[in-house]
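Notes follow once the structure below has been shown.
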Amino acid sequence: MDLYERNYSELTPDEEANWSLLQEDSVVKTAKNIMIYKPFFRKLPKAVRHYQSIFPNNYLDPVDLENVDLLSDQINQFVDVLDSTAASEREILNYIKDKRTYPIIASILNEYFHFGHHEAYIFPEFQLGNSYQVDYLLVGNASGGWNFVYVELEAPIGRITVKSGDFGNVFQKGFRQVRDWDSWLEQNYSSLRETFCKSKKNDVSLPDEFIRLDKSRISYVVVAGRRNDFSSKTYREQRLLENDSIYMLHYDNLIDSATNIIGQATY
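Residue numbers (my numbering): 353 to 619.
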């Protein structure tokens with residue numbers, strides 16, 4: 353699916369010219385045919401920042417996090433969607449897609465993981481062969497390499513937890529889903545190379561982490577319910593599952609992480 357209104361795999365002549373001028377203006381000195389530049393990433397045209405990445409049309413531009421007013425308005429609208437008595441998983445997915453509020457989902461990287469601050473990407477409706485469709489795949493890079501977070505959104509209302517504090521039917525559905533994904537990945541991970549190649553820039557190679565399965569680089573997130581659905585027992589169960597790289601979050605966690613990332617330098 354198309355995340356953005358334009359194709360960032362190509363640059364206009366004006367964008368290429370602006371890029372060249374910025375490179376020239378950013379040269380500090382030349383020594384033994386080596387050009388030394390002062391940092392100018394944030395001065396680049398937005399299209400160039402996307403174009404330089406591995407997946408130009410899935411790139412999460414950290415400069416967008418500086419748009420405080422827009423992001424704050426989007427979060428407020430997101431809360432309104434969640435507070436609606438008719439709120440459903442599909443309504444939430446449609447809101448994020450229609451309004452392009454991908455930083456709300458991507459904020460999970462900054463809040464719960466230690467990767468994505470070098471580069472971050474989002475793949476909505478990510479296909480695992482013909483078997484499964486993941487709501488969102490988040491891909492983040494850090495000094496330790498590339499990592500992957502498979503995200504499943506469930507309903508904000510329903511039987512989220514039971515009286516004992518254990519996860520109810522809504523979370524159990526999501527839990528079964530990520531277990532199915534995990535099983536599929538163990539058997540078919542190498543086949544994702546073709547899927548990623550459809551989105552990558554033509555002149556770059558896929559890093560090894562995209563081709564060879566390393567389970568230590570994979571995590572799962574299920575989002576359902578609201579803060580008042582969780583009890584101390586629920587939070588204990590949540591912590592136990594994190595040992596298996598499964599994060600069971602409520603939507604208020606997502607609101608908090610999306611609010612916290614506003615104005616940050618990176619994801």
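The beta-carbon is built from N, C-alpha and C at its ideal position, and this holds for glycine as well.
- In the DSSP assignment, Ser-361 falls outside any alpha helix (DSSP H), carrying neither H nor E.
- Three or more beta-carbon pairs drawn from the region 430 to 438 and the region 590 to 610 are found closer than 8 angstroms, and the two stretches are therefore classed as touching.
- Linking Leu-363 to Lys-398 through their CA atoms gives a straight-line distance of about 10 angstroms.
- Within 10 angstroms of the beta-carbon of Thr-586 lie 16 or more other beta-carbons, which makes it buried.
- Sequence-distant Cβ neighbours of Val-514 in its own chain, meaning closer than 6 angstroms and more than five residues away, are Gly-520.
- When rounded, the separation of the alpha-carbon atoms in Lys-525 and Tyr-599 is 14 angstroms.
- Around Val-486, the same chain offers Phe-478, Tyr-502 as residues with beta carbons nearer than 6 angstroms, after the five sequence neighbours per side are excluded.
- Assignment of Pro-397 by DSSP, reduced to helix, strand and coil, places it in the coil class.
- In the three-state reduction of the DSSP assignment, Ser-440 falls in the coil class, being assigned neither a helical nor a strand state.
- Distance check between Phe-467 and each of Ser-568, Ser-584, Glu-443 places Ser-568 closest, using alpha-carbon atoms only.
- Measuring C-alpha to C-alpha distances from Val-575 to each of Gln-404, Phe-407, Val-522 identifies Val-522 as the nearest.
- Counting C-beta atoms within 10 angstroms of its own C-beta, Asp-581 has 16 or more neighbours from the protein chains shown and is therefore classed as buried.
- By the CB criterion at 9 angstroms, Asn-499 and Glu-561 fall inside the cutoff.
- In the DSSP assignment, Gln-524 falls within the alpha helix (DSSP H) that extends over 521 to 540.
- Pairing Leu-505 with Ile-563 gives a Cβ-Cβ distance that is not under 9 angstroms.
- Gly-615 is not bridged by DSSP to any residue.
- Counted as a single uninterrupted DSSP element, the beta strand (DSSP E) harbouring Gln-485 occupies residues 484 to 494.
- In the displayed model, Leu-355 falls within coil according to three-state DSSP, outside both helix and strand.
- Assigned with DSSP and collapsed to three states, Ala-472 falls in strand.
- Here Leu-373 is exposed. Its C-beta has fewer than 16 other C-beta atoms within 10 Å.
- Here Tyr-454 really is in contact with Ile-474; their C-beta atoms are around 5 angstroms apart, less than 8 angstroms.
- Boundaries for Tyr-411: no alpha helix (DSSP H) harbours it, and the DSSP string shows neither H nor E there.
- The beta-bridge partner set that DSSP reports for Asn-499 consists of Gly-492.
- Within the region 562 to 607, the complete alpha helix (DSSP H) segments of 4 residues or longer fall at 584 to 594, listed in chain order.
- In the DSSP assignment, Arg-545 falls within the alpha helix (DSSP H) that extends over 544 to 549.
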